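What follows is a set of notes on a single structure, which appears directly below.
Number of protein chains: 4
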Amino acid sequence: MALMTGEQYLKSIEELKLNIFMFGEKTENAAASPVLAPALKAVGAVCDLAADERYKDVMTTVSPITGERINRFNHIFQNSSDLIKKLKMQRLCGGRMAACLHRSAGLDAMNALYSTAFETDKKYGTRYFDNLRSFLAHVQGGDLTVDGAVADPKEPASESESSEIRLRVVERKPGGVVVRGAKMQNVGVCASHEIIAIPSGAVKEADKAIAFAVPTDAEGIMIIIGSQSDGGARPGDGFYGETEALVVFDDVFVPNERIFLNGETEFTETLADRFAAFHRQSCSGSKSGIGDVLIGAIALAAQFNGSDKDSYVRNNLLEMTHLNETIFSCGVACSAMAEETEAGGCSIDLPMTNVCRQNVTRFPYEITRLARSITRELMIIVPSESEFRSERLGEYIDKYFKAGVRTEYRLKIMRLIGELMFGSAAIDYLTEPMELSGGDGKNAESRQRELEDKKRLAGEIAGIDG
Amino acid sequence: MALMTGEQYLKSIEELKLNIFMFGEKTENAAASPVLAPALKAVGAVCDLAADERYKDVMTTVSPITGERINRFNHIFQNSSDLIKKLKMQRLCGGRMAACLHRSAGLDAMNALYSTAFETDKKYGTRYFDNLRSFLAHVQGGDLTVDGAVADPKEPASESESSEIRLRVVERKPGGVVVRGAKMQNVGVCASHEIIAIPSGAVKEADKAIAFAVPTDAEGIMIIIGSQSDGGARPGDGFYGETEALVVFDDVFVPNERIFLNGETEFTETLADRFAAFHRQSCSGSKSGIGDVLIGAIALAAQFNGSDKDSYVRNNLLEMTHLNETIFSCGVACSAMAEETEAGGCSIDLPMTNVCRQNVTRFPYEITRLARSITRELMIIVPSESEFRSERLGEYIDKYFKAGVRTEYRLKIMRLIGELMFGSAAIDYLTEPMELSGGDGKNAESRQRELEDKKRLAGEIAGIDG
Amino acid sequence: MALMTGEQYLKSIEELKLNIFMFGEKTENAAASPVLAPALKAVGAVCDLAADERYKDVMTTVSPITGERINRFNHIFQNSSDLIKKLKMQRLCGGRMAACLHRSAGLDAMNALYSTAFETDKKYGTRYFDNLRSFLAHVQGGDLTVDGAVADPKEPASESESSEIRLRVVERKPGGVVVRGAKMQNVGVCASHEIIAIPSGAVKEADKAIAFAVPTDAEGIMIIIGSQSDGGARPGDGFYGETEALVVFDDVFVPNERIFLNGETEFTETLADRFAAFHRQSCSGSKSGIGDVLIGAIALAAQFNGSDKDSYVRNNLLEMTHLNETIFSCGVACSAMAEETEAGGCSIDLPMTNVCRQNVTRFPYEITRLARSITRELMIIVPSESEFRSERLGEYIDKYFKAGVRTEYRLKIMRLIGELMFGSAAIDYLTEPMELSGGDGKNAESRQRELEDKKRLAGEIAGIDG
Amino acid sequence: MALMTGEQYLKSIEELKLNIFMFGEKTENAAASPVLAPALKAVGAVCDLAADERYKDVMTTVSPITGERINRFNHIFQNSSDLIKKLKMQRLCGGRMAACLHRSAGLDAMNALYSTAFETDKKYGTRYFDNLRSFLAHVQGGDLTVDGAVADPKEPASESESSEIRLRVVERKPGGVVVRGAKMQNVGVCASHEIIAIPSGAVKEADKAIAFAVPTDAEGIMIIIGSQSDGGARPGDGFYGETEALVVFDDVFVPNERIFLNGETEFTETLADRFAAFHRQSCSGSKSGIGDVLIGAIALAAQFNGSDKDSYVRNNLLEMTHLNETIFSCGVACSAMAEETEAGGCSIDLPMTNVCRQNVTRFPYEITRLARSITRELMIIVPSESEFRSERLGEYIDKYFKAGVRTEYRLKIMRLIGELMFGSAAIDYLTEPMELSGGDGKNAESRQRELEDKKRLAGEIAGIDG
């Protein structure tokens, strides 16, 4: 099958029997819901970009598995320059939508599994690598969207209680296993055809050492939508969006050929680390894309306000750009230092991706601050489209918000900025990166080891022997 | 009349005939609207605090004008220690509501006018000071809430066009004047009995050099509500809030005894600077109060998550506290250096208040970032009250969000944090301070003068004569 | 006796028999040494300022103890406004010398002892308060300079070993006690007539709970000069300076009337905290004074370079000023919140002074960075006075460093900036504040208590009862 | 000839007849001077590293020009991965010496000239590329050290005056040209065999569009040493160092075969930009190497102080590491995005290197601040080696500075930290990067162009057409 268009994608999602709950009730027509539609629209836009000849080189590639041209969001990255292309794709998409791309977590989970399944097979003679390649051929061929289910419920519970809530195998049957538990922060689940689930860190119990893929509408899956911010969005604003959800696996059957890890606890840490490393790199690409939009929106707003020549506006825009490019640079850097693996993909050094992570969880706040010092309160004060269209108020709005351009444009750009500051784009830009898993403890540990080398350097220069 | 209770206040606002527009239509029952109710609730809470014996010393004082005990939000501050009490009141209220106090702009406008009206009278033999004192006696006696209308429409228009949109006198009659134009960012207008309007900076044309007070439901006033962020608020969350509005003065008559400046352009700059100075000081008090709530909410969330003993959580909380106290300290410092004026009130040095302003427009972003690195995405993922109460989902929510405390508490605190990050509290905390008027140009200028002194110091130490 | 002039001061120091060691040898003529002379010059300049009629109000006051006019550096502060005057004095002096004032630690030790001695007497019937007042009358009357010896050797030693190095009583005689041990970081000791020694924190052993004063040339005192930075200073640069020293008390006899605490361990923590609080406040004054000089020097350098109209230069200067004023504001704020004590002096809340401390250990680095982005490498490349005066090179120097002003001036201002970046002024500005004692643990603890209040605020708004 | 050892290098420098002036007089035995020796020692150490088999891959490569193995500091970089190796070499050397590498400017000048000379020849039929390749073969073959002379005197002079001080051709002869003028900030000149001089930016006058190489002891060259900081260094500390100098070309003859640009003004901007881009990249490598030493020294100091387990020490070390790795990452990123040129070398995008530059002029200050909050004043208080060795004082020093390790080690590490904070290492780490040329104006301009793309992205999402 060829690559899907956005329209084909939307239709394919509508055909799924997703079990979604919102405000306490089951949602019958998910795709039409104002909460979910902006997320579907975002993934549809990714499809359209991939189908666009101009972006062919960035958005698609030829799969080493199928030999066919595929959406790069379903690709196993081969080397450094391939990883840099991934970043460029994410920045392009981030810049087109100013929203979550929904597909990065699934992509990163596939890539983390690729080498891990290979290594597990090598040691234990299992067949996970073949399973994974078949699954990949399936999603690449059908151009399917894949959600990554990684984050576990955050519980302060004791280890024994945690057994009750972590995703785990509760029954083993000849043809497969039955899993139970929940995964949090599933941003792409309502917009995906498949879910890949992997452990979020090292696990000691064999039942929890489980990685697999199932369709999003598999029997037993419940999707519970969280409270989102709509940033004051009004009907007709038409922004792209995202929807965070809790996914409950209420006894879901996973057939053997969809299992990629099953009890080999010693590989769980490696798998989780590899996912974390890829996902931090992803963040560098997609968030710098959102940064592009925010910077552009502020530049437009300043132009409409007539302040674009002011020295503080120019300085702030330069500083915002510097910070945004630092975020991107750190993604490029860890990509450039990636190493190829025996399985045929590649892996990125975890501590080096921590540099990405630290910056992508800091600079967006400063960028936002600088942005707001330019637009000030205007983004909050602007009335909605309905005021502007109203016969009674239209002339007042036009008069008091008039700019060098059509007043309507000024209102629109302010609405977009409001969305980027307080709406679902803000959640993606400011909050989501905070979640980048992989363990502070582990980062600290690796750094600790490096510290010994540095102490040696200092000791030698200081003249301390031994 | 005694001080109003919150209930009396709400009733008094309901009795006003406010001319409010939302989503393109006139709002019939404003006080009941879910958009406006949280703002009224906030001002009502200020009234209740003032009526509470425990806060009597902070929230009330004896008016030097009427000799009666009044709400401190209607007080003319006499000296440094009085100004420090103002800060304490604002921090107390900010901490109780985590929302805009709605009354600071009006309070700061009164105080700025107090000395300016006195000085104008002294030079021109006008009677503005008496007018102001009568107005103050009226609002102090009736315990009325007063909005400050200061910010002008932000137009890139030419000076001639600006004549069409700035608030100005369009007709002069024996008993008063007729004004036309608009004021932006009127956060308190829907919750106030009176509006004081003053110019936002130096004006050269006599018609725009106008300061006055009118009731919020005066003939010709239109209140147009802007798009707000609700941060994903759900019915029943019950937070305090704020509502930004554009106020159009569509030919409003102002009687002579309500005029506090009328054509004396030379005093407009002083008046605007004094307002800006007081308002920056106010921000230091109210925003450090919101900071208190945010820090407390994060500490509770960490406790519910079981991470409150982690060293990074403790360090982040300490750092958040440090930044919050720096904001407060700068407010105390400019208060402590205030000078008494001939009129009987006091004034604060503008450049010194700029220190407040710079910090209050920076540190809340860093505080927010530190906060989010503790709660991560949880605040977005938590479902609404309705999910939790739902028969179908309640047990799942309870299981997967369970904490050391009742799950319900964990959801509640996360909802509050969401509100503080993306809701109307966020607008007040992060965006509103950006608007603090008074002119970068002017701050730069004053600093430039100080620079000459500093150059002299350096030259002397370096051994450069002359 | 009247206030000393700088000249009288220098003569009085020369007459002392200080036991100073430098580069491994006893220094015979300390006052003439190029390492010590800049420090003495600095204290001499403080004396001259105090004798100058123009600064009388800031630099001097009437002692409540003697009823005579005294140098404010020997004063017991009575209330908030008195403490704000202290800050102004320190900023004035810092701005005149861009160097350590040498007298703040002694001043802060006196003030910390004042209330503590009073309270100890009250509980134990001792006579420390009288002893202290007599000592104060002595130094106030003679206009003597007093060093504060507080910091203990930093040892990773076990408690038992620490007994060997901490300052303590090793023998008790009828007329007094014999003390042994060392105090670090005695910046003022070579420039002082007297030393006040106090514990640097809570101590449990009675022998170490000792506070006293002795002349700097008392029998048994050894002063060992540390390595200093001279920042590339060349003879003739003529800057003010400072000299850090280790003071060894090698069995020094302290007569009873010079003892202010002797074994009352329960008061050691209070004493140390009070000292820390006063000393953090001091830092806010003196470092903002150095900041004034640095900002002024950079402004002059930019003017000489012809870049003073560039927007980034102006922005950097404004930002440097903002940070410098934040440092000062936090000093004003904690002063304004000080409380009067029963003894007659006043005390400052330790956590509030921690705000001072955190900022004064951060912003000077950013100020320095901004400064350097203006001067760039010029300060390092400029040759010394001797090159400029040399017949062979003079014309080349003149040609290639020529500026709008005399080349000599450009060299001089660059030399001053070098000193402020890398010389002894840099040590005072950047490193010394890091030492501000008082205990991170304790700051954290106080903040922890405040956290409970904040949690209550958040819980109430969120609707969590209990 | 094979690669030089450090010893051979030192001998080769001693044989030069350098015309060096210090403190107003000609320096007869430069290599033995305490000011210059540390710089020579640093370059000697680079030679020794290159000769060390363990570092062969990083420090050396096979020249595409000569086909021989050469020191990588004389290499023309071929592609991205070659540039990443350059960074690794610089980090290695920075980490071994904590000092300026002295050879980066020359290296970057060669590489910038390589493609520029090629392109100039292509347009004008000149022979600069051949000249350059011959020169490169000479320095590669002889393993010579090459200084880069780029920075012009900073004058506020008018353009006409600037003609008098900028380096330029003052006479044209058959066999070559005579140049006059000066270059600033020549850090490597006293330690080099050759100087490459290039314009520091676009020039309009043909006489100033001159690039060439001459030996450092060519007739007419005067080297005037600037004031340096020695950070309190004491004889025997034995650190590596650097020496900034003004180089005056007092009518120096340059033979035709040593000329690489001569009057082709249109290529000056490209040349200067390419140099700036390479040099910013260099800074990322060498400064992260110094950062390694500083972090290691602080870790050792904390260990000796017994505070290495404290949470704030560990957090500070992690943060220092993060900032240091961000500096390095930005160097890797711009290297990874470099493009190959027709001439056979490669070039780096200037705006992307600006990300390096901004971070390398910021983070070292914050790293230094964090470092100092760990060591506090100890680095200043520690006495010199001579005190420790003194019979009279040794036992006191040993007693009061005792640590878990030999006291001597503690003194040594503190001396190193002092050097890194205030000595010549500090100049290299903190000040030198500020000088990274290439033009703020130009960076701003490029960013301005990018802004248009970003505005388009925002406009599309907001729904603004056109």
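Chains as they are written, first to last, in numbering that gives the first Met the number 0: chain A, 0 to 465; chain B, 0 to 465; chain C, 0 to 465; chain D, 0 to 465. C-beta atoms are modelled at their ideal positions from N, C-alpha and C, and glycine is treated no differently. Note that this is a predicted model, so its numbers are computed, not measured.
- Residue range 310-335 is occupied by the alpha helix (DSSP H) that includes residue 331/C.
- Non-local beta-carbon contacts of residue 192/A in its own chain, meaning distances under 8 Å to residues more than five positions away in sequence, involve 11, 12, 15, 138, 141, 143, 144, 145, 214, 215 in chain order.
- The beta carbons of residue 195/A and residue 148/A sit closer together than 8 Å.
- Following the DSSP letters along the chain, one finds residue 179/A in no alpha helix (DSSP H) but inside the beta strand (DSSP E) bounded by residues 175-182.
- When DSSP reads this structure, residue 170/A sits in a beta bridge with 177/A.
- Apart from sequence neighbours up to five positions away, the residues of its chain that approach residue 3/B with a beta-carbon distance below 6 Å are 46, 142, ordered along the chain.
- Three or more Cβ pairs drawn from the stretch 109-123 of chain A and the stretch 67-76 of chain A lie within less than 8 Å of each other, which places the two stretches in contact.
- Between residue 236/C and residue 361/C, the beta carbon gap of about 29 Å keeps them out of contact (Cβ cut-off 8 Å).
- Of all residues in the stretch 211-231 of chain D, the ones placed with a Cβ closer than 9 Å to any Cβ belonging to chain C are 221, 223, 224, 225, 226, 227, 228, 229, 230, 231, in chain order.
- In the DSSP assignment, residue 352/C falls within the alpha helix (DSSP H) that extends over 349-359.
- Counted as a single uninterrupted DSSP element, the alpha helix (DSSP H) harbouring residue 272/B occupies residues 267-304.
- Secondary structure of residue 345/C (DSSP, three-state): strand.
- Beta-bridge partners of residue 214/D (DSSP): 193/D.
- Under DSSP, residue 145/A forms a beta bridge with 193/A.
- Residue pairing of residue 24/A in beta bridges, as defined by DSSP: 21/A.
- Contact annotation: residue 425/A and residue 421/B have beta-carbon atoms nearer than 8 Å.
- Excluding the 5 residues flanking it on each side, residue 406/C has same chain C-beta neighbours closer than 6 Å at 397, 400, in chain order.
- Along the stretch 294-319 of chain A, going in chain order, the ones with a CB nearer than 7 Å to a CB of chain C are 310, 314.
- Counted as a single uninterrupted DSSP element, the alpha helix (DSSP H) harbouring residue 119/B occupies residues 103-123.
- For residue 50/B, the closest alpha carbon among the candidates 22/B, 1/B, 83/B is that of 1/B.
- Per DSSP, residue 260/C is not a residue of any alpha helix (DSSP H); the beta strand (DSSP E) it occupies stretches across 258-261.
- Apart from the 5 residues on each side of it in sequence, residue 293/C sits with its Cβ closer than 8 Å to the Cβ of 97, 319, 366, 367, 370, 416, 419, 428 in its chain, given in chain order.
- Using a Cβ-Cβ cut-off of 8 Å, residue 434/B does not count as an interface residue toward chain C, since no Cβ of chain C sits closer than that to its own.
- According to DSSP, residue pairing for residue 249/D in a beta bridge involves 179/D.
- When secondary structure is reduced to three states using DSSP, residue 430/D falls in the helix class.
- Of all alpha-carbon atoms in 290/A, 99/A, 354/A, the one lying nearest the alpha-carbon of residue 456/D is that of 290/A.
- Of the residues 254/D, 204/D, 186/D, 257/D, the one whose Cα lies closest to the Cα of residue 241/D is 186/D.
- Taking a Cβ-Cβ threshold of 8 Å, none of the residues of chain A is close to residue 90/D; the smallest such distance is about 11 Å.
- Contact annotation: the stretch 160-180 of chain B touches the stretch 246-255 of chain B, with at least three C-beta pairs closer than 8 Å.
- Against chain C, the CB of residue 414/D has a partner CB under 8 Å away; the residue lies at that interface.
- Excluding residues up to 5 positions away in sequence, 402, 403, 404, 408, 409, 412 lie with their Cβ nearer than 8 Å to the Cβ of residue 303/B in the same chain.
- Between the beta-carbon of residue 274/B and that of residue 107/B there is about 5 Å, and that keeps the pair under the 8 Å contact cut.
- At a cut-off of 8 Å, the C-beta of residue 277/C has no neighbouring C-beta in chain B.
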